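Just below is one structure, and these are the notes that go with it.
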Amino acid sequence: MTTKKKPFVLFDAALLKPAIAASFSKLSPRVQWRNPVMFVVYIGSILTTLLGLQALQAPGEAPAGFIFAVALWLWFTVLFANFAEALAEGRSKAQAASLRSLKKSTWAKKLKEPVHGATWLPEEAENLRKGDVVLIEAGDMVPLDGEVIEGVASVDESAITGESAPVVRESGGDFSSVTGGTRVLSDWLVVRISVNPGESFLDRMISMVEGAKRAKTPNEIALTILLVALTIVFLIVTVTLLPFSIFSVAASGSGSVVSITALIALLVCLIPTTIGGLLSAVGVAGMSRMMQANVIATSGRAVEAAGDVDVLLLDKTGTITHGNRQASSFLPAPGVTEVQLAVCAMQASMADETPEGRSIVTLAQRAGAAEPLVGSMAEVPFTAQTRMSGMDVQQPGGGTRQLRKGAVDAIRRHVEALGGSVPAEVTRASDEVSRRGSTPLAVSDGAQVLGVVELKDIVKAGIKERFGELRRMGIKTVMITGDNRLTAAAIAAEAGVDDFLAEATPEDKLRLIRQYQAEGRLVAMTGDGTNDAPALAQADVAVAMNSGTQAAKEAGNMVDLDSNPTKLLEIVETGKALLMTRGSLTTFSIANDVAKYFAIIPAIFVTTYPQLAALNVMRLGSPSSAILSAVIFNALIIMFLIPLALKGVKYRAVGAAALLRRNLLIYGLGGLVVPFIGIKAIDLLLVALRLA
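Numbering (full-length UniProt numbering), first residue to last: 1 to 692.
What follows is the structure, encoded as structure tokens:
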């Protein structure tokens with residue numbers, strides 16, 4: 001059972017104090033210019049402050065108290081935006097600090113030769129280099145990331161994954177990767193270091209979650225360009241209003257020219273400051289939420305791509321099914337007894353340490369199989385290409401027995417190459433097993449097929465409903481399996497996936513991903529083995545299991561510390577929540593400009609154009625209170641929306657059209673209504689307190 005990391009409280013004092021300090025340190029022009037929208041507010045704050053100081057020396061364009069009040073709230077607008085970004089970065093830095101605490105100076109036992117028992121010398125982990133070989137015994141820390149080349153041991157990875165149960169790491173296969181900072185609990189391992197100091201998985205994790213180092217994503221850059229364009233439009237409009245006001249006053253001979261302070265207030269209120277101030281915080285928080293789910297994203301681009309995914313490639317074993325396929329029955333060929341089949345299946349599985357292989361041995365022993373192998377033996381390992389495994393036994397009298405078990409079509413090709421054939425009864429038994437949703441494994445001794453072993457797997461409870469939700473989200477699900485088409489079709493129907501790829505090889509996976517991408521789709525997949533690395537490198541969102549090989553983790557753009565293949569569904573939802581949050585805040589920011597327009601335009605120009613008093617639909621107290629109320633609301637709304645930006649808009653599995661209607665209703669209509677209420681309330685308060 002996974003123990004989740006303790007969540008960071010949104011307004012924890014440990015995060016608030018550094019964030020408040022960072023809000024002021026970010027006032028540096030070198031920081032502010034990176035956010036064009038807020039840089040305009042920053043320049044406006046400086047200008048109004050200077051105008052206020054000038055008004056103290058001599059009568060200015062407006063009362064000094066009014067100018068300073070506007071300047072003060074403009075500075076608050078900048079500070080609140082800085083605070084939102086600093087708080088989001090603070091959460092990421094706190095997560096990075098917790099990871100950094102795992103890094104300890106450790107000594108390693110460096111071997112001269114990759115053999116257990118060889119002479120070793122003590123060496124600091126910082127001095128190890130890629131390719132070095134170390135011995136790690138019970139109680140030792142793993143100094144750096146590496147691949148197990150000898151031995152088998154249980155390893156405590158709870159410091160990184162939060163998983164209290166130890167995991168087994170051994171040479172060969174997909175569970176040979178060890179991570180620096182973990183501890184060996186029993187036995188020993190000989191490990192070849194695969195990284196240099198500073199390049200370990202823990203180092204990469206720390207740099208990944210450091211929000212301050214986050215690069216902007218393509219969508220974020222595009223949105224920034226849009227916001228800059230809107231800002232430039234409003235800037236041009238605002239600048240042209242001053243000569244219009246001067247001309248109107250001169251032509252009519254009455255009224256007063258609009259003040260520069262009021263024009264700055266107008267510009268700040270009309271540009272999209274709400275989303276401009278929260279945009280960076282939304283992106284940082286998205287990566288932070290991934291980290292909270294025990295997923296390390298290599299970039300914001302990966303999180304964002306997860307929200308756009310419309311095809312999910314899911315391994316059957318461990319994702320759709322429980323993955324603990326167990327041998328349930330022996331189905332012998334004509335003329336072969338069940339015991340004979342059980343003996344051969346057991347002998348072919350003697351070197352197979354997979355759960356399936358061990359279950360075959362157990363079932364064979366229960367069936368009475370106890371015949372030992374005689375002669376020298378050579379293991380034939382399973383590969384994705386041959387899709388079978390077994391033993392080659394050198395007979396005392398000469399000759400070699402080729403004992404094999406594997407996919408029926410693979411065994412067929414094997415025995416036909418030896419001059420044999422598959423009995424029709426075995427083919428029918430295999431088809432019947434497949435129709436039941438089980439997996440048939442054919443067993444052969446040389447050119448003779450002895451029968452079929454039935455492996456049963458169980459579809460996870462509730463998975464069909466999850467796939468239904470994904471379908472409503474517009475996401476196509478594709479099950480990937482090495483099983484034959486009949487078995488794959490039966491399990492696909494039971495699980496409710498949209499499509500499946502049977503008898504899949506690494507090349508098939510890669511080909512399928514490229515096919516979907518050629519159709520303009522974004523593809524996500526999970527993997528843990530070296531043979532998954534090419535497909536992971538090709539996929540748009542590639543989630544590597546932390547328990548997998550180093551090659552898989554290097555190829556992916558996300559790493560799931562829990563090594564839970566179903567996490568892909570949660571990752572997609574988190575990505576969509578990020579995009580929804582950004583879109584919702586953008587909608588709200590642009591919509592609330594309408595209310596500020598009705599508040600501030602009549603107040604600014606009513607002395608120049610008295611007819612504009614008809615637009616004062618909110619019946620605000622005075623021009624100065626109207627301008628100040630709009631500026632105060634513009635600043636406070638950023639502060640009120642910080643929790644939404646950091647927590648994100650909750651994603652619901654409904655269609656895109658329904659989702660759009662819902663968000664337009666909440667954030668579009670809300671963006672229109674809330675400012676009317678907020679500005680009026682602030683105006684009433686200012687008038688009551690005689691502050692404007």
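Note that beta-carbon positions come from the ideal geometry of N, C-alpha and C, so glycine has one too.
Source: prediction; values computed, not measured.
| query | result |
| --- | --- |
| Which two residues bound the contiguous beta strand (DSSP E) that contains Arg-404? | 400-406 |
| Going by alpha carbons, who is nearest to Arg-301 out of Asp-508, Ala-555 and Gly-283? | Gly-283 |
| Restricting to runs no shorter than 3 residues, where is the beta strand (DSSP E) found entirely within the stretch 455-527? | 476-480, 499-501 and 523-527 |
| To which residues of the same chain is Thr-607 closer than 6 Å at the C-beta, ignoring the five residues directly before and after it? | Gly-255 and Ser-256 |
| Under 8 Å, do Lys-130 and Ser-171 count as touching if we go by C-beta distance? | no |
| How many angstroms separate the CA atom of Arg-325 from the CA atom of Pro-440? | 11 Å |
| Taking C-alpha atoms, which residue in Leu-16, Ile-590, Val-649 and Leu-659 lies nearest to Gly-277? | Ile-590 |
| Counting only the same chain and skipping the five closest in sequence on each side, list residues whose C-beta sits under 8 Å from that of Phe-24. | Leu-79 and Asn-82 |
| Which of helix, strand or coil does DSSP assign to Gly-335? | coil |
| Tell me Phe-330's beta-bridge partners as DSSP assigns them. | Val-453 |
| To which residues of the same chain is Pro-197 closer than 6 Å at the C-beta, ignoring the five residues directly before and after it? | Glu-126 |
| When the Cα atoms are used, what is the spatial distance from Ala-539 to Asp-483? | 22 Å |
| Identify the residues that DSSP records as bridge partners of Thr-321: which are they? | Thr-317 and Val-459 |
| Rounding to the nearest angstrom, what Cα-Cα distance links Ser-625 and Ile-475 in this structure? | 51 Å |
| Measure the C-alpha to C-alpha separation of Lys-213 and Asn-294 and round it to an integer number of angstroms. | Its pLDDT being 47, under 50, Lys-213 is placed unreliably in this model, and the value from its coordinates should be taken loosely. Taking the straight line from one Cα to the other gives about 20 Å. |
| Comparing C-alpha positions only, which one of Gln-385, Leu-660, Thr-574 and Ile-682 sits nearest to Ser-288? | Thr-574 |
| Alpha carbon to alpha carbon, how far is Gly-670 from Leu-314? | 39 Å |
| How far does the alpha helix (DSSP H) with Met-38 in it reach, from first residue to last? | 36-57 |
| Of all the options Leu-644, Gln-57, Leu-72 and Leu-223, which has the alpha carbon lying nearest to the alpha carbon of Leu-47? | Leu-72 |
| What's the gap between the Cα of Ala-84 and the Cα of Ala-645? | 8 Å |
| Count the C-beta pairs between the stretch 402-421 and the stretch 378-386 that are closer than 8 Å, then say yes if the count reaches three, no if not. | yes |
| Quick one, which of Leu-685, Ile-458 and Leu-189 has its alpha-carbon nearest Lys-109's? | Leu-189 |
| To the nearest angstrom, how far is the alpha carbon of Ile-236 from that of Ala-229? | 11 Å |
| Distance check for Thr-106 and Met-141, CA to CA, integer angstroms please. | 7 Å |
| Figure out for me which residue from Met-618, Leu-331 and Leu-279 has the closest Cα to the Cα of Ala-88. | Leu-279 |
| Is the separation between the beta-carbon of Val-649 and that of Ala-306 shorter than 8 Å? | no |
| Leaving out the 5 sequence neighbours to the left and right, which residues in its chain are closer than 7 Å to Arg-435 when beta-carbon positions are compared? | Leu-486 and Ala-490 |
| Whole angstroms is fine: what's the gap from Val-674's alpha carbon to Lys-567's? | 37 Å |
| By alpha-carbon positions, which one of Pro-218, Glu-338, Ile-275 and Glu-157 ends up nearest to Leu-641? | Ile-275 |
| Strictly by DSSP, which residues pair up with Lys-110? | Leu-121 and Val-134 |
| How many Å lie between Thr-2 and Tyr-516 at the Cα? | Any reading at Thr-2 is ruled out, since the residue's pLDDT is 39, under 50, leaving its predicted position unreliable. |
| With three or more C-beta pairs closer than 8 Å as the rule, is the stretch 462-473 touching the stretch 493-509? | yes |
| Looking at the strands, I want to know which residues DSSP matches up with Pro-602. | Answer is none; Pro-602 lacks a bridge partner. |
| To the nearest angstrom, how far is the alpha carbon of Gly-139 from that of Val-168? | 15 Å |
| Ends of the alpha helix (DSSP H) at Ile-637? | 623-647 |
| Tell me which residues share the same chain as Val-233 and place their Cβ nearer than 6 Å to its Cβ, disregarding the 5 neighbours each side in the sequence. | none |
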